[in-house]
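Engineer:
Protein chains: 2
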Amino acid sequence: MNIVFKALNDATRRQILEMLQKNDLTAGEIAENFNISFPSISHHLDLLKQAKLVTTKKEGQFIYYSLNTTVMDEIVKWLLQFKPKKNK
Amino acid sequence: MNIVFKALNDATRRQILEMLQKNDLTAGEIAENFNISFPSISHHLDLLKQAKLVTTKKEGQFIYYSLNTTVMDEIVKWLLQFKPKKNK
DNA sequence: TGTATATTTAGACAAATATCTAAATATTTT
DNA sequence: AAAATATTTAGATATTTGTCTAAATATACA
Chain S
1 MNIVFKALND ATRRQILEML QKNDLTAGEI AENFNISFPS ISHHLDLLKQ
51 AKLVTTKKEG QFIYYSLNTT VMDEIVKWLL QFKPKKNK
Chain A
1 MNIVFKALND ATRRQILEML QKNDLTAGEI AENFNISFPS ISHHLDLLKQ
51 AKLVTTKKEG QFIYYSLNTT VMDEIVKWLL QFKPKKNK
């Protein structure tokens with residue numbers, strides 16, 4: 001859980017997740033959208049991967065990144081524990 | 001939103017939030033539960049306050065900290081946007 | 001008014017993080 | 001096989017973060 005919050009604690013990484021909502025994208029396509037070097041984006045992608053927020057699939061020389069939304073369930077669950085219970 | 005993710009990105013701070021679920025607590029009562037100095041806990045509390053995850057109320061020489069769960073709604077909403085929509 | 005208690009603020013420091021450039025690896029194309 | 005393309009890994013550096021001790025502030029009590 002630690003690693004998920006860590007991965008989410010960066011605007012660039014959150015933006016990457018938002019980008020992946022529509023389509024899977026290659027590392028290069030993702031990097032093009034930022035004024036940050038490719039290696040830096042690669043590092044961000046690595047953190048997202050460590051948190052299992054994204055998965056990868058190699059196709060030829062490209063690596064496609066996809067969103068994995070199942071991890072978010074855990075965080076949502078943790079957050080909702082704080083909300084007062086509704087009756088019924 | 002940035003600041004909320006930042007506040008949540010620390011095990012000590014998340015534990016403080018969990019402690020506040022049951023009762024409001026003073027800074028001192030919170031600090032007693034950790035092997036960390038009072039000033040450090042005070043700093044964590046400040047970050048939680050900046051994120052509006054907690055509110056404070058002064059009573060005499062004590063400062064009571066309370067959970068504010070409304071902030072979590074925003075984060076939950078952000079996280080749920082990624083989940084594929086269910087067909088009703 | 002002076003002392004004890006509760007908490008924060010200030011300043012210092014080590015560890016973690018985001019970024020960069022250069023080099024390495026893997027795949028495709030010519 | 002060599003060159004081009006896509007991406008990662010390595011190593012360096014500046015910034016941010018969590019922690020500490022010491023000092024400051026605020027309230028209560030004697």
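Chains as they are written, first to last, in full-length UniProt numbering: chain S, 1 to 88; chain A, 1 to 88.
Ideal Cβ placement from N, Cα and C applies to all residues, glycine included.
So if I threshold CB-CB distances at 7 angstroms, which residues from the region 65-78 of chain S count as touching chain A?
Structural biologist: Hits within the stretch, in order: 67, 69, 72, 75 and 76.
Engineer: Would you please verify whether the beta carbon of residue 11 of chain A is less than 9 angstroms from any beta carbon of chain S?
Structural biologist: So yes, residue 11 of chain A belongs to the interface.
Engineer: Please work out which residues of its chain come closer than 8 angstroms, Cβ to Cβ, to residue 5 of chain S, disregarding the five sequence neighbours upstream and downstream, and give them in chain order.
Structural biologist: Counting only Cβ-Cβ distances below 8 angstroms, and skipping sequence neighbours, we find 75.
Engineer: With distances taken between CB atoms, is the gap from residue 63 of chain S to residue 56 of chain S smaller than 9 angstroms?
Structural biologist: Result yes, Cβ atoms of residue 63 of chain S and residue 56 of chain S sit closer than 9 angstroms.
Engineer: Below 7 angstroms on C-beta distance, what does residue 86 of chain S contact in chain A?
Structural biologist: Per Cβ cutoff of 7 angstroms: no residues; residue 86 of chain S is ~13 angstroms from chain A at best.
Engineer: Buried or exposed: which applies to residue 80 of chain A, given that a residue is buried once 16 or more other Cβ atoms fall within 10 Å of its Cβ?
Structural biologist: With fewer than 16 other Cβ atoms within 10 Å, it is exposed.
Engineer: Bridge partners for residue 63 of chain A per DSSP, in chain order?
Structural biologist: Note: residue 63 of chain A sits in a beta bridge opposite A:58.
Engineer: Determine whether the Cβ of residue 25 of chain A lies closer than 9 angstroms to any Cβ atom of chain S.
Structural biologist: Not an interface residue.
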